[in-house]
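Using our numbering, the letters of the sequence shown correspond one by one to residues 17 to 137.
Structure record follows, encoded as structure tokens.
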Amino acid sequence: MAKDFARSDRVAEQMRRELADLLQFEVKDPRVGMVTVTEVEVTGDMAHAKIYYSTAEQDAKSAAELQKGLEKTAGFLRSQLSKRMLLRTVPQLHFVYDASIDNGMKLTRLINQALADSPKE
17 MAKDFARSDR VAEQMRRELA DLLQFEVKDP RVGMVTVTEV EVTGDMAHAK
67 IYYSTAEQDA KSAAELQKGL EKTAGFLRSQ LSKRMLLRTV PQLHFVYDAS
117 IDNGMKLTRL INQALADSPK E
């Protein structure tokens with residue numbers, strides 16, 4: 017009987033919840049504002065984790081500052097994860113901006129514009 021979820025999937029889900037809590041309440045870096053952790057991918061050997069995030073910030077300068085702030089707090093987040101999770105080794109954290117929400121909003125605007133421009137019956 018095969019397992020429904022791999023261990024890396026379960027660890028990734030718990031990391032997503034813990035990181036969301038840590039980013040909201042524990043991180044004091046002013047560059048890290050409102051961040052939403054959308055997904056976490058953990059490698060099979062538990063050595064690396066990609067954290068996909070999104071934010072309400074739209075301009076490139078603030079997004080770059082946010083990325084720098086997240087990379088700077090990665091060590092703190094990793095140490096806090098080691099206290100909260102029962103893992104022998106905590107994966108190295110790699111932050112990746114998730115543009116899927118922005119792309120979805122662009123598509124919605126285009127669809128709404130196309131529907132507004134089409135002739136009414």
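Glycine residues also receive a C-beta, built at the ideal position from the N, C-alpha and C atoms.
Among Glu-57, Glu-42, Glu-73, which has the Cα closest to the Cα of Gln-30? Locating residue 30 in the sequence shown gives position 14, counting from the first residue. Closest by alpha carbon: Glu-57.
Beta-ladder partner(s) of Ala-148, from DSSP: A query on residue 148 cannot be resolved here, the shown segment of the chain reaching from 17 to 137 and no further.
Distance check for Ala-115 and Met-17, CA to CA, integer angstroms please. For this step, residue 17 is matched to residue 1 along the sequence shown. For this step, residue 115 is matched to residue 99 along the sequence shown. Because Met-17 sits at a pLDDT of 48, beneath the cut-off of 50, its placement in the model cannot be relied upon, and the point is left open.
Exposed or buried, Ala-65, counting other C-beta atoms within 10 Å across all chains shown (16 or more means buried)? Position 49 of the sequence shown, counted from the start, is the residue given in the question as residue 65. So Ala-65 counts as buried.
For my contact list, Lys-84 and Arg-47 are in at a C-beta cut-off of 8 angstroms; report their separation, rounded to the angstrom. Your numbering for residue 84 matches position 68 in the sequence shown. Your numbering for residue 47 matches position 31 in the sequence shown. Confirmed, about 6 angstroms.
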